[in-house]
C-alpha cells in the first residue's frame, strides 16, 4: 500500500503524536509498504536522520506561549504530495490543523482516510481557557466524521468519541519497545548520582505543561526517604521547580538514556488526567516499574489496580502522595507490581499493533471497493 501520513508532529519533536507517527512509518516500510510523511517544519529545519521514509515539511509557526509546538500554515505541498504519491490511504495522526487540511484534500481527491484520535483537545481547552470544550468537540467531530474510520487508542477515548457523535470508531492501542525499555537497564551508579543518600526514586516523564498537573507530586516530595525525579521540558518548568522542593529536574531525555532512567526508578507517577493513551505509563511497565496514575483516560486500560500499580482519583494530590507512600514502604509489593507490569506489556510490540493498523487499512479499502461495486 502507498500511505501518506499527515501528522501534526514528527521527530525530532518529542511527544506522543510524533512517536506514534514515526513508529507507524517505520513499520509500514519494514512490511514492504510505501509511506510518506507530511509534517510541520521544525524550528531550525534540521532533518531527522533516522526517518524511515521521505518526510515533506510544510511551513509552520510556533504556538504562542508554547514554542515547542509548531502549527502548520496553509501550503500547496500537502495536496501535491497526496497526488504525486498516488496514495491508497491517507493516515491522519491527531488531526487538528494540518490533519483537517489533509482530510479536505483527501476528500477532494476521493482518497480513503483513517483518522487517529490522539489528543484530548477538549481537556486542553478546559485547562488553558477554562471553556471551549464544546467548540473543540465540534472540530473533532467534523474531521473524524469525514474519515472512513477513526481509531481510538483506549476504551475511554472510544467511549468519548462515540458519546460525542463520532461514527465508525474502532480501538487501536499503541505499541511499546520492549527491547529498549527493560528492567535490566537499572543503573545503580545513576541511582547514587540522583539520590546520594539512598532515597527511593519516584519519577515523572513527560511534557511540563499545565494539563499534565505535575504539581500534584508536591506531596511526594515531602515523604522521607523519597527523591522525586522529573524528566521532560515545557512551559511549566520554572513554576514546577518552585512547587516541587527537592525534586531533580533532568530536562528532556530520549532513546537509551531515557530507558536507563525509567529502569532506575522505584515508582513511576503520572499525574495528567487528559491522556487518551499515556505511552510513558506503558514504558514504565516495560521497564518493570510499578505505576501510580489517575483513574481516567488511557491509564484505565493500562494499569491493573492492585496488580501492576495504583490508580488514584484525578487531581487528588493527597491520593498521589498516599499511593507513592504505600509503594515506597513495601519493596516486595513494588517488585510484584513491576514484574506483573512487564509481563502485561511484553506482547504489545509496535510490530503487533502495526499489523493491526495495516488490517484496519485493508478493511477501509475493502469497504470502498464494496461501495463502488454497489
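Numbering (my numbering), first residue to last: 39 to 412.
C-beta atoms are modelled at their ideal positions from N, C-alpha and C, and glycine is treated no differently.
Since the model is a prediction, treat every value here as computed from it, not as a measurement.
#1: In chain order, what residues of the same chain lie with their CB nearer than 8 Å to the CB of residue 148, ignoring the 5 residues before and after it?
#2: Sort out for me which residues DSSP pairs residue 208 with in a bridge.
#3: Decide if residue 35 is buried, meaning its Cβ has at least 16 other Cβ atoms within 10 Å, or exposed.
#4: Which residues in the same chain as residue 423 place their Cβ atom closer than 8 Å to its Cβ, once the five residues preceding and following it in sequence are excluded?
#5: In the structure shown, what three-state DSSP assignment does residue 257 receive?
#6: Report the residue ranges of all alpha helix (DSSP H) runs contained in full by the stretch 283-333; include only those spanning at least 4 residues, in chain order.
#7: Comparing C-alpha positions only, which one of 349, 384, 109 and 325 sits nearest to residue 223?
#8: With residue 94 as the anchor, note down where its beta strand (DSSP E) starts and where it stops.
#9: Report the option in 43, 311 and 269 whose CA atom is closest to the CA atom of residue 124.
#10: Give me, in chain order, the residues of the same chain whose beta-carbon lies closer than 7 Å to that of residue 341; leave out the 5 immediate sequence neighbours on both sides.
#11: Would you say residue 132 and residue 154 are within 8 Å of each other, going by their C-beta atoms?
#12: Output the boundary residues of the alpha helix (DSSP H) element that contains residue 124.
#13: Restricting to Cα atoms, I'd like to know which of 377, 408, 40 and 391 is closest to residue 61.
#14: Less than 8 Å between the beta carbons of residue 333 and residue 351, yes or no?
#15: For residue 398, which three-state DSSP category applies?
Taking the definition as stated:
#1: Sequence index remark: in the chain shown, residue 148 carries index 110 (1-based). So no residue of the chain qualifies.
#2: Here residue 208 corresponds to residue number 170 of the chain shown, with the count starting at 1. Per DSSP, 189.
#3: Lying outside 39 to 412, the shown extent of the chain, residue 35 is not represented and no answer is given.
#4: Here the chain covers residues 39 to 412 and nothing more, so residue 423 does not appear.
#5: Position 219 of the chain shown, counting from 1, holds the residue named residue 257. Helix.
#6: 293-301 and 317-324
#7: Taking the first residue of the chain shown as 1, we reach residue 223 at position 185. Residue 223 has its Cα closest to that of 325, out of 349, 384, 109 and 325.
#8: The residue labelled residue 94 in the question sits at position 56 within the chain shown. Its beta strand (DSSP E) spans residues 93-96.
#9: Counted from its first residue, the chain shown places residue 124 at position 86. Minimum Cα distance to residue 124 is reached at 43.
#10: For the purposes of this step, residue 341 is taken as residue 303 along the chain shown, with counting starting at 1. Once the five neighbours on either side are set aside, the close Cβ partners of residue 341 are 319, 329, 331, 347 and 349.
#11: What you label residue 132 is simply residue 94 of the chain shown in a count that begins at 1. What you label residue 154 is simply residue 116 of the chain shown in a count that begins at 1. Yes, the pair counts as a contact, with Cβ atoms nearer than the cut-off.
#12: Here residue 124 corresponds to residue number 86 of the chain shown, with the count starting at 1. Where residue 124 is concerned, there is no enclosing alpha helix (DSSP H), given that its DSSP letter is neither H nor E.
#13: Taking the first residue of the chain shown as 1, we reach residue 61 at position 23. Residue 391 is the option with its Cα nearest to residue 61.
#14: Residue numbering aside, residue 333 sits at position 295 when the chain shown is read from its first letter. Residue numbering aside, residue 351 sits at position 313 when the chain shown is read from its first letter. Inclusion of residue 333 and residue 351 in the CB contact set at 8 Å is warranted, their separation being smaller than that value.
#15: Stepping through the chain shown from its first residue, residue 398 is reached at position 360. Residue state, collapsed to three classes: helix.
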